[in-house]
Structure formats: C-alpha cells, structure tokens
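What follows is a set of notes on a single structure, which appears directly below.
Written out as structure tokens, the structure is:
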C-alpha cells in the first residue's frame with residue numbers, strides 16, 4: 355500500500371515542480387510582450403480609431419494572459435496540495451493499521467478493552 359501512494363506523491367510533487375518553470379516563463383514573456391505593445395501614456399498605435407481598437411485589444415490580451423498565468427499557478431499549487439494530502443492520508447492510514455495491529459483503538463491510540 356505505502357509504495358503506491360509514495361510513488362503517486364512523488365509523481366505529483368514532480369509534476370508541480372516541472373509546471374512551475376513554464377508558468378514563470380509564460381509570465382516573463384507576457385510581461386515583455388505587453389511592454390513592447392503598450393506605449394504607456396501615448397498609444398504606439400496612434401490616436402485614431404485603430405489606436406483605440408488596438409489599445410482595447412492590448413488590454414484584453416493583458417487581462418487574458420494575467421488570468422491564464424494565475425490559473426496555471428493555481429493548478430500547480432493544487433497539484434502540490436494533492437501530493438501533500440495524499441502523503442498525510444498515507445501516514446494516517448499507516449498509523450491506524452499499526453494501532454489496530456497492536457490492539458489499540460485507532461481513534462484514541464489507547465488499548466481497546
């Protein structure tokens with residue numbers, strides 16, 4: 355029993371770690387892209403209708419990338435939480451099995467009568 359859960363916990367922790375680098379890279383690339391297409395106080399697209407439309411597209415793109423970055427980060431955090439909960443469950447199960455094996459009540463860890 356323990357080996358299967360341990361492997362799953364290691365796999366989930368590894369998945370979390372492998373996911374973090376692309377999430378960080380996505381964030382850096384998004385920031386660089388937005389700096390390149392945003393002109394600050396003055397739009398790089400001009401002041402006409404096209405400029406207004408492009409500014410709106412930039413804003414929408416920025417929001418979408420921000421949401422995606424946050425969601426990817428949260429997904430990684432949830433994967434790690436699954437690994438942690440799996441490990442905690444494994445420890446609790448092992449303790450309960452050992453308690454029963456020693457004639458203890460698993461809920462109180464005292465010898466049952």
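Numbering (my numbering), first residue to last: 355 to 467. All residues carry an ideal CB built from backbone N, CA and C; glycine is no exception. Keep in mind that this is a model prediction, so the values were computed, not measured.
Assuming the contact rule is C-beta atoms closer than 8 angstroms, residue i and residue j should be a hit. Round their C-beta distance to whole Å, please.
i           : j           : result
residue 382 : residue 430 : No, residue 382 and residue 430 are not in contact; Cβ-Cβ is about 16 angstroms, not under 8 angstroms.
residue 399 : residue 388 : At roughly 14 angstroms, the Cβ-Cβ gap does not stay under 8 angstroms, so residue 399 and residue 388 are not in contact.
Going by C-alpha to C-alpha distance, which of the options sits closest to residue i?
i           : options               : result
residue 362 : 442, 449 and 455      : 442
residue 373 : 423, 453, 405 and 416 : 423
residue 416 : 403, 380 and 402      : 380
Inspect the beta-carbon positions of residue i and residue j and report whether they are closer than 8 angstroms.
i           : j           : result
residue 425 : residue 391 : no
residue 427 : residue 364 : no
residue 437 : residue 366 : yes
Counting only the same chain and skipping the five closest in sequence on each side, list residues whose C-beta sits under 7 angstroms from that of residue i.
i           : result
residue 456 : none
residue 384 : 419 and 423
By Cβ distance, which residues of its chain are closer than 6 angstroms to residue i, with the 5 residues on each side in sequence left out?
i           : result
residue 434 : 370
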